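Q: For the sequence shown, our numbering gives the first residue as 50, with consecutive numbering after it. Quick one: the structure is below, questions incoming.
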Amino acid sequence: MRRGSRNVRRTPDARGWGLSRDGGDAVALGRSLKILYSTTNRQMSQTRTGCLLVGSPRSGTTLCATMIGSHPDVGMVIEDLGHAGHTIPGVKVWGNKLCIPNQIRLDPIPDDRSLWRRLEDGVRAVIGRPRRRPQFMESYPPPPSQQYTIRTYVEKEAKLVAMIRDPDHVVDSIRRRGPASTVDLAKERWSQAARTISRASEEYPDRTHLVRFVDLVERPKVVMSDICVFLGLPFSLDMIEGHSGARQYEREKIDPSVAHRDVQSYNLDAYDPEAFRAYKKLTQKAAVGSYTNQG
50 MRRGSRNVRR TPDARGWGLS RDGGDAVALG RSLKILYSTT NRQMSQTRTG CLLVGSPRSG
110 TTLCATMIGS HPDVGMVIED LGHAGHTIPG VKVWGNKLCI PNQIRLDPIP DDRSLWRRLE
170 DGVRAVIGRP RRRPQFMESY PPPPSQQYTI RTYVEKEAKL VAMIRDPDHV VDSIRRRGPA
230 STVDLAKERW SQAARTISRA SEEYPDRTHL VRFVDLVERP KVVMSDICVF LGLPFSLDMI
290 EGHSGARQYE REKIDPSVAH RDVQSYNLDA YDPEAFRAYK KLTQKAAVGS YTNQG
């Protein structure tokens, strides 16, 4: 059949690529492509920044995450316990929002499951039928095999944005969403969150940015401007309107009064003095406008 016929399918060989038939040039080309690929991957990873947004439950993490995620150069996921966050393509900053301690902690949780229980949990994960935990265990975090830690995110070059909110407001907000028995659970979660954020800010001071909930609702533009500088992004006005993406904030603008509601005292200073002292220290370190000189 003629060389120019449409029915002829030619497979490129060494001669088709202009390479020597002994394969030496092909090996050299393969090495060059490998070097180019690794260099491109390294350059791409250097231009991408991770953002892990953490805080206790009901501390404003969802509101802050939706505002950050409204930036055109940010890909933010909400409460992903796997590794989907850092695989988001086409963005300069990938991110994930998780609550402390029920979704993420600073260090791995000791795995006290038996060998057979681990095997069973592994099989259930493969077939898509996870074990249903009793109601009294709903407050427990997921098994370590299903959970990243804050240190894991730091190893992936992520920066930490940590939310801080008045403990009485946190506990009261959790209480209003559940039975009276949740008060002790709310206290414990806030206490662990305060301790964890304090340790993370001390161990990773250059990779941690603290945000007070009261500043977020009263001065959202300044807070978002600070976060943009922290993440190496230009400011976007889309972030100010991002609150509409959170169901509890579907209104024209954020209501600053939510940070000043009258709630009862839950005596967190007596419940966990160390965590309360850590919270006070964190609120002093969380200086709004520290990056943009708008404080």
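By construction, the Cβ of each residue, glycine as well, lies at the ideal position given by its N, Cα and C atoms. Since we're looking at a predicted model, the values are computed, not measured.
(1) Going along the chain, which residues of its own chain have a beta-carbon closer than 8 Å to the beta-carbon of Asp-217, five neighbours each way excluded?
(2) Please work out which residues of its chain come closer than 7 Å, Cβ to Cβ, to Leu-155, disregarding the five sequence neighbours upstream and downstream, and give them in chain order.
(3) Measure the beta-carbon distance from Leu-280 to Lys-208 and round it to whole angstroms, keeping in mind my assumption that it falls under 8 Å.
(4) So, under 8 Å CB-CB, Ala-243 and Ala-327 are touching, yes? Tell me the CB distance rounded to an integer number of Å.
(5) Does DSSP put Val-203 in a helix, a strand or coil?
(6) Please classify Ala-211: does DSSP put it in a helix, a strand, or coil?
(7) Does the region 223-241 come close enough to the region 264-273 to have 3 or more Cβ pairs within less than 8 Å?
(8) If you reduce the DSSP assignment to three classes, tell me which class Val-103 lands in.
(9) Considering only DSSP beta bridges, list what Lys-146 is partnered with.
(10) Name the two residues that bound the continuous alpha helix (DSSP H) containing Thr-257.
(11) Around the Cβ of Gln-333, are there at least 16 other Cβ atoms within 10 angstroms (buried) or fewer (exposed)?
(12) Quick check on Leu-168: does DSSP put it in helix, strand or coil?
(13) Comparing alpha-carbon positions, which option in Asn-151, Ala-336, Glu-128 and Arg-238 lies nearest Phe-325?
(14) Is the Cβ-Cβ distance between Leu-331 and Ile-213 less than 8 Å?
(15) Would you mind listing the alpha helix (DSSP H) stretches within the region 265-294 that are 4+ residues and don't spill past its ends, in chain order?
(16) Taking only three categories from DSSP, how would you classify Lys-236?
(17) I'd like to check one pair, Ile-303 with Val-337: are the Cβ atoms closer than 8 Å?
(18) Taking the alpha helix (DSSP H) that Gly-118 belongs to, which residues open and close that run?
(19) Less than 8 Å separating the beta-carbons of His-292 and Thr-115?
(20) Compute the beta-carbon to beta-carbon distance between Val-123 and Val-142, rounded to the nearest angstrom, for a pair I have assumed lies under 8 Å.
(21) Can you check which of these residues, Thr-136, Cys-113 and Lys-236, is closest to Asp-287 by C-alpha distance?
(22) Output the distance between the C-alpha atoms of Asp-321 and Gly-139, rounded to the nearest integer angstrom.
(23) Distance check for Ala-335 and Leu-282, CA to CA, integer angstroms please.
(24) Per DSSP, what kind of secondary structure is Lys-329 in: helix, strand or coil?
(25) What's the gap between the Cα of Ile-176 and the Cα of Arg-167?
(26) Please report how far the alpha carbon of Arg-178 lies from the alpha carbon of Asn-151, in whole angstroms.
(27) Determine the direct distance from the alpha carbon of Leu-101 to that of Asp-170, and round the result to whole angstroms.
(28) Helix, strand or coil for Leu-155 per DSSP?
(29) For Arg-256, I'd like the list of residues in its chain whose CB is within less than 7 Å of its CB, leaving aside the five on either flank, ordered along the chain.
(30) Could you tell me the alpha carbon to alpha carbon distance between Val-126 and Glu-323, rounded to whole angstroms?
(31) Which residues in the same chain have their Cβ closer than 8 Å to the Cβ of Pro-121, if we skip the five residues on either side of it in sequence?
(32) Where Pro-192 and Ile-158 are concerned, what is the direct C-alpha to C-alpha distance, given to the nearest angstrom?
A: So, from the data block:
(1) Numbered from its first residue, the sequence shown carries residue 217 at position 168. The beta carbon of Asp-217 sits closer than 8 Å to the beta carbons of Val-312, Gln-313, Ser-314, Tyr-315 and Leu-317 from its chain, once the five residues preceding and following it are set aside; these are given in chain order.
(2) Here residue 155 is taken as the residue at index 106 of the sequence shown, counted from 1. Closer than 7 Å at Cβ, skipping near neighbours: Thr-198, Ile-199, Arg-200, Thr-245, Arg-248 and Ala-249.
(3) Indexing the sequence shown from 1 puts residue 280 at position 231. Indexing the sequence shown from 1 puts residue 208 at position 159. Sure, about 6 Å apart at Cβ, within 8 Å.
(4) For the purposes of this step, residue 243 is identified with residue 194 of the sequence shown, where counting begins at 1. For the purposes of this step, residue 327 is identified with residue 278 of the sequence shown, where counting begins at 1. With a Cβ gap of about 5 Å, Ala-243 and Ala-327 count as contacting.
(5) Here the question's residue 203 lines up with position 154 in the sequence shown. In this structure, Val-203 counts as helix in the three-state DSSP scheme.
(6) Numbered from 1 along the sequence shown, position 162 holds the residue referred to as residue 211. Strand.
(7) They do not touch, by the three-pair rule.
(8) Taking the sequence shown and counting its residues from 1, the one referred to as residue 103 is at position 54. Note: Val-103 maps to strand in three-state DSSP.
(9) Stepping through the sequence shown from its first residue, residue 146 is reached at position 97. Leu-102 and Ile-127.
(10) In the sequence shown, the residue the question calls residue 257 occupies position 208. Where Thr-257 is concerned, there is no enclosing alpha helix (DSSP H), although the beta strand (DSSP E) it sits in stretches over 257-261.
(11) What you label residue 333 is simply residue 284 of the sequence shown in a count that begins at 1. That one is exposed.
(12) Start at 1 with the first residue of the sequence shown, and residue 168 comes out as number 119. DSSP places Leu-168 in helix when its eight states are reduced to three.
(13) As a first step, residue 325 is located in the sequence shown; it is residue number 276 there, counting from the start. When only C-alpha atoms are compared, the closest one is Arg-238.
(14) Counting from one through the sequence shown, the residue named residue 331 turns up at place 282. Counting from one through the sequence shown, the residue named residue 213 turns up at place 164. Their beta carbons are under 8 Å apart, which means Leu-331 touches Ile-213 by this criterion.
(15) The qualifying runs are 269-280.
(16) Here residue 236 refers to the residue found at position 187 of the sequence shown. Lys-236: helix per DSSP, three-state reduction.
(17) As a working mapping, residue 337 is identified with position 288 in the sequence shown. As a working mapping, residue 303 is identified with position 254 in the sequence shown. With contacts defined by Cβ atoms closer than 8 Å, Val-337 and Ile-303 do not form a contacting pair.
(18) Residue 118 sits at position 69 when you count from the first residue of the sequence shown. Unbroken alpha helix (DSSP H) run through Gly-118: 110-118.
(19) Locating residue 292 in the sequence shown gives position 243, counting from the first residue. Locating residue 115 in the sequence shown gives position 66, counting from the first residue. Taking 8 Å as the Cβ cut-off, His-292 and Thr-115 qualify as a contacting pair.
(20) Translated into the one-based positions of the sequence shown, residue 123 becomes position 74. Translated into the one-based positions of the sequence shown, residue 142 becomes position 93. Yes, Val-123 and Val-142 are in contact; Cβ-Cβ is about 5 Å, under 8 Å.
(21) The residue you call residue 287 lines up with position 238 of the sequence shown. The closest CA to that of Asp-287, considering only Thr-136, Cys-113 and Lys-236, is found on Cys-113.
(22) Here residue 321 corresponds to residue number 272 of the sequence shown, with the count starting at 1. Here residue 139 corresponds to residue number 90 of the sequence shown, with the count starting at 1. Put simply, the backbone Cα of Asp-321 is about 44 Å away from that of Gly-139.
(23) The count along the sequence shown starts at 1 and reaches residue 282 at position 233. The count along the sequence shown starts at 1 and reaches residue 335 at position 286. Leu-282 and Ala-335 have their alpha carbons spaced roughly 20 Å apart.
(24) By one-based count along the sequence shown, residue 329 stands at place 280. DSSP places Lys-329 in helix when its eight states are reduced to three.
(25) For the purposes of this step, residue 176 is taken as residue 127 along the sequence shown, with counting starting at 1. For the purposes of this step, residue 167 is taken as residue 118 along the sequence shown, with counting starting at 1. Those two C-alpha atoms are separated by around 14 Å.
(26) Here residue 178 refers to the residue found at position 129 when the sequence shown is read from its first residue. Here residue 151 refers to the residue found at position 102 when the sequence shown is read from its first residue. A direct Cα-Cα distance of roughly 21 Å separates Arg-178 from Asn-151.
(27) Residue 170 sits at position 121 when you count from the first residue of the sequence shown. Residue 101 sits at position 52 when you count from the first residue of the sequence shown. If you take the alpha carbons of Asp-170 and Leu-101, they lie about 27 Å apart.
(28) Your numbering for residue 155 matches position 106 in the sequence shown. Here DSSP, grouped into helix, strand and coil, assigns Leu-155 to coil.
(29) Mapped onto the sequence shown, residue 256 falls at position 207. Excluding residues within five positions, the ones whose Cβ falls inside 7 Å are Val-203, Lys-208 and Leu-209.
(30) In the sequence shown, residue 126 corresponds to position 77, counting from 1. In the sequence shown, residue 323 corresponds to position 274, counting from 1. Spanning the two alpha carbons is a distance of roughly 32 Å.
(31) As a first step, residue 121 is located in the sequence shown; it is residue number 72 there, counting from the start. Excluding residues within five positions, the ones whose Cβ falls inside 8 Å are Ser-285 and Asp-287.
(32) By one-based count along the sequence shown, residue 192 stands at place 143. By one-based count along the sequence shown, residue 158 stands at place 109. Unreliable positioning characterises Pro-192 in this predicted model, as indicated by a pLDDT of 47, which lies under 50. A coordinate reading is not provided.
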